[in-house]
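Residue numbers (the working numbering), protein chains in the order written: chain W, 771 to 882; chain C, 99 to 213. A quick write-up on the structure given underneath.
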Amino acid sequence: KAGVTQTPRYLIKTRGQQVTLSCSPISGHRSVSWYQQTPGQGLQFLFEYFSETQRNKGNFPGRFSGRQFSNSRSEMNVSTLELGDSALYLCASSPSEKTEAFFGQGTRLTVV
Amino acid sequence: KNQVEQSPQSLIILEGKNCTLQCNYTVSPFSNLRWYKQDTGRGPVSLTIMTFSENTKSNGRYTATLDADTKQSSLHITASQLSDSASYICVVSAGYGGATNKLIFGTGTLLAVQP
């Protein structure tokens, strides 16, 4: 069974640009959540989607947005990139909100 | 304020030795507690997940304990191996098990196992 797949693995963008990250959950999983991980802040929750609906949202500015498609694949978008957005962005999927989450390998975003 | 604190921040042990990592939480309402292992540059991998009624859970050489009264958990690693070198993250799920559950992350303990 394939795990959670995130693309791309690495990305370099310049300040002011926007970026879209993709996450394909484990087959059959309907819940997808996104996290930002930086050395100083650790893992921070961005948002969670279940059946195409955003269920939870963390404390991030509106530049961070996401969506989930009918096949449960999810995308995360960051607009007007700032240097501080450089981080490892992790996606996790689970069959439902109550069950264990499985993480992808992450997308390493560097903003220069 | 929901919070998860881990100690120590980092730890160095010799291969073959045992070690115990600590996690204290102030999360309400408590739903479950998870330990994850994260290798450098990779996504976290689940080790254990425990609900309120579970005191201990093992996964190979990893044994997690939970004391819901004192709101403390520990992760014990037995006979450490070089491959155990990683960051270990304690995560507490807050909520009633429904759609509004939120995951509260600790900042992790960085473990280095030396030969």
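Note that beta-carbon positions come from the ideal geometry of N, C-alpha and C, so glycine has one too.
Original post:
How do the region 771-782 of chain W and the region 825-835 of chain W stand: do at least 3 beta-carbon pairs fall below 8 Å, yes or no?
Top reply: no
Subject >> Cβ-based burial, C:Leu-180 [other Cβ within 10 Å; buried from 16] >> reply: exposed
Original post:
Does the distance from the C-beta atom of C:Ile-187 to that of C:Gly-206 stay below 7 Å?
Top reply: yes
Original post:
Out of C:Ser-178, C:Ile-111, C:Phe-150 and C:Ser-183, which has the shortest C-alpha to C-alpha gap to C:Lys-169?
Top reply: C:Phe-150
Subject >> CB contact below 7 Å: C:Gly-158 versus chain W >> reply: no
Original post:
Rounded to a whole number of angstroms, what is the C-alpha to C-alpha distance between C:Asn-153 and W:Thr-784?
Top reply: 49 Å
Original post:
Using a beta-carbon distance cut-off of less than 9 Å, what residues from the region 141-173 of chain C approach chain W?
Top reply: Gly-141, Pro-142, Val-143, Ser-144 and Ile-147
**OP:** Step through the CB atoms of chain C and report whether any lies within less than 7 Å of the CB of W:Glu-870.
**Re:** yes
Original post:
Hey, C:Cys-117 and C:Gln-104: beta-carbon distance below 7 Å or not?
Top reply: no
**OP:** Would you mind sorting W:Asn-841 into buried or exposed? The rule is 16 or more other CB atoms within 10 Å of its CB.
**Re:** exposed
Subject >> Among W:Arg-779, W:Pro-795, W:Tyr-780 and W:Gln-788, the one whose alpha carbon lies nearest that of W:Ser-866 >> reply: W:Pro-795
**OP:** Ignore the nearest five residues each way along the sequence and tell me which others in W:Gly-836's own chain have a CB closer than 8 Å to its CB.
**Re:** Trp-804, Leu-816, Phe-817, Tyr-819, Gln-824, Ser-844, Glu-845, Met-846 and Asn-847
**OP:** Return yes when the Cβ of C:Ala-210 is within less than 7 Å of the Cβ of C:Ile-147, no when it is not.
**Re:** no
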